[in-house]
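First comes the structure, then the notes that go with it.
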């Protein structure tokens with residue numbers, strides 16, 4: 582673990598070599614993140630509720646999804662260029678080193694500029710909590726923490742799943758961004774507003790609703806059953822097939838040579 586942390590520190594130093602560029606990118610991430618927030622505000626200037634969810638409910642949902650995504654992308658976003666990692670021989674070097682292959686790919690690719698999006702999401706979350714009428718107790722605090730942690734892992738899993746296709750296609754498939762960046766955009770609202778079919782898909786196939794929709798119902802008081810607290814943990818099952826798919830890709834991988 583010390584080696585991986587050292588690699589991440591070197592990566593940070595590399596990104597901050599041009600400090601003005603780094604901080605301008607962070608600022609840009611922070612500012613552009615408000616576009617989604619303003620769109621929600623614009624809609625609720627004309628309506629009071631959307632499918633039973635009021636403004637603070639949606640803002641809370643938005644903040645949790647964006648915060649989870651920003652963490653997951655900061656860690657796994659480097660996988661977006663996995664095709665080039667395979668093509669330039671970096672993956673070959675990772676395979677011959679006595680260390681975990683995934684960590685070797687991730688550690689040098691952590692995008693620290695995503696802190697701008699993360700700061701915006703934290704601020705929005707604090708705002709939503711302050712504006713809401715939720716009666717917070719330790720169960721709801723635990724639920725909120727699980728939503729963020731499990732959501733981050735789930736988004737990372739989707740980045741890993743998308744990257745694995747590069748083993749078979751030799752290039753990154755940009756249309757698969759609908760499962761990562763698209764999930765962040767559509768996750769601004771509780772998934773139930775998109776209909777029962779979409780909600781079922783996002784419950785049983787790509788379990789985004791397990792960390793976003795169902796525990797949200799418990800936090801805002803629309804559900805009182807305690808088992809809703811554990812729904813985010815169920816979403817972690819998605820990590821298993823993603824890891825198995827990646828291992829299959831590694832076994833089928835053929836070196837590009839010297």
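Residue numbers (the working numbering): 582 to 839.
Glycine residues also receive a C-beta, built at the ideal position from the N, C-alpha and C atoms.
Annotated as distal: residue 809 and residue 822, with beta-carbon spacing of 7 angstroms or more. With a beta-carbon spacing of about 7 angstroms, residue 736 and residue 654 fall inside the 8 angstroms limit used to define contacts. Here residue 631 is bridged, per DSSP, to 634. Proximity of the stretch 634 to 648 to the stretch 702 to 713 meets the contact definition, three or more beta-carbon pairs being nearer than 8 angstroms. Non-local beta-carbon contacts of residue 833 in its own chain, meaning distances under 8 angstroms to residues more than five positions away in sequence, involve 748 and 749 in chain order. With contacts defined as CB atoms closer than 7 angstroms, residue 699 and residue 651 qualify as a contacting pair. For residue 705, the uninterrupted alpha helix (DSSP H) run begins and ends at 696 to 712, by DSSP. For residue 673, the enclosing alpha helix (DSSP H) covers residues 671 to 677.
In the three-state reduction of the DSSP assignment, residue 779 falls in the helix class. As the crow flies, the alpha-carbon of residue 695 is around 19 angstroms from that of residue 759. Residue 733 carries a helical assignment under DSSP once its states are collapsed to helix, strand and coil.
For the pair residue 731 and residue 788, the CB atoms are not nearer than the 7 angstroms cut-off.
Per DSSP, reduced to three states, the secondary structure at residue 614 is coil, with no helix or strand assignment. Distance from the CA of residue 765 to the CA of residue 715, rounded to the nearest whole angstrom, comes to 24 angstroms. For residue 712 against residue 637, the beta-carbon gap comes to about 5 angstroms, under 8 angstroms, which counts as contact.
Here the alpha carbon of residue 784 sits roughly 43 angstroms from the alpha carbon of residue 599.
The stretch 679 to 688 and the stretch 615 to 629 do not touch, with fewer than 3 CB-CB distances between them shorter than 8 angstroms. For residue 833, the enclosing alpha helix (DSSP H) starts and ends at 820 to 833.
For the set 738, 761 and 829, the Cα lying nearest the Cα of residue 816 is the one of 738. Taken through DSSP and simplified to helix, strand or coil, residue 596 comes out as helix.
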